[in-house]
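Count the sequence shown with our numbering and you get residues 292 to 507, in order. Report on one structure; see the data block that follows.
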Amino acid sequence: MAYTGKQNPSIAKLLEGYAQFKSAYIDSEHSKLKHLAEQGQSPKTMFICCCDSRVDPALLFGVEPGDIFVVRNVANLVPPYISDRTHHGTSAALEFAVCGLGVSEIVVLGHGQCGGIQALMTSEQNSDDDSFINAWMRIAAPAKEETLLMASDKSQQEQFTCCEKAALRISLGNLSSFPWIASRVKEGSLSLHAWYFDLNKRELQAYDDTNAWVTL
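Here it is in structure tokens:
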């Protein structure tokens, strides 16, 4: 039976891309995916990224299959450590990457023009409590408070940028609330990073040891 999805131009484009991927990574005599399937994955770096379609870490950093472990969510947020029986997708991915795969680097990758941050900055307090996005973005509420306090004289776009970077610092701090992350950072086997991809300037920045953003 033929797959009717091929008649959809968007799906057809994806399948064309898969054909190219298959040629490069599956059909070759020394297929990397064959090796990964047989030997398993052992990425050294975990990326926590936004869902935004313009910011793909594999493309940004030119990596191959098996090189990085990636979790994506709205606004690339890391929630604080909470030990309960509810659903914690990002926390579960962190646990697997750190305790299971033994990654040595965790990069929280933020970006400009983040829709999640814009929603946070423009929403009224306690508005639409049934919204999944609003509930999730409350993780970054302190970033909004800091921005409104420190950048009240800035343009709206500049405030968005300030909040995007402040939210990255909050996520970086939240990583250390996980006991098995904090212990590995203390012993020196794990490093934490906050990076910011400025879509307007098309440049990458990192939060350094002097609490400043530097262009890489």
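From the three backbone atoms N, C-alpha and C, an ideal C-beta is built for every residue, glycine too. Because the structure is a prediction, the values reported are computed rather than measured.
Give me, in chain order, the residues of the same chain whose beta-carbon lies closer than 7 Å to that of residue 348; leave out the 5 immediate sequence neighbours on both sides. 338, 340, 359, 361, 400
Which whole runs of the beta strand (DSSP E) in the segment 368-408 are 3 residues long or more, in chain order? 396-402
Per DSSP, residue 338 forms a beta bridge with which residues? 361, 398
Sorted by chain position, which residues of the same chain lie with C-beta nearer than 6 Å to residue 430's C-beta, five sequence neighbours on each side aside? 368, 370
Distance, residue 487 Cα to residue 544 Cα: Not covered by the structure: residue 544. The range shown for the chain is 292 to 507.
What does the Cβ neighbour count give for residue 455, buried or exposed, with the cut at 16 atoms within 10 Å? buried
Beta-carbon proximity check, residue 346 vs residue 424, cutoff 8 Å: no
Would you mind working out which of 344, 353, 463, 415 sits nearest residue 385, comparing C-alpha positions? 463
Given this structure, state the Cα-to-Cα distance separating residue 408 from residue 481, to the nearest angstrom. 28 Å
Do residue 412 and residue 352 have their CB atoms nearer than 8 Å? no
Local conformation of residue 423 per DSSP, three classes: helix
So what does DSSP say about residue 496, is it helix, strand or coil? strand
Under the three-state DSSP convention, the category residue 326 falls into: helix
Contact between the segment 460-475 and the segment 374-389 is defined here as three or more beta-carbon pairs at a separation below 8 Å; is this criterion met? yes
Do residue 373 and residue 483 have their C-beta atoms within less than 8 Å of each other? no
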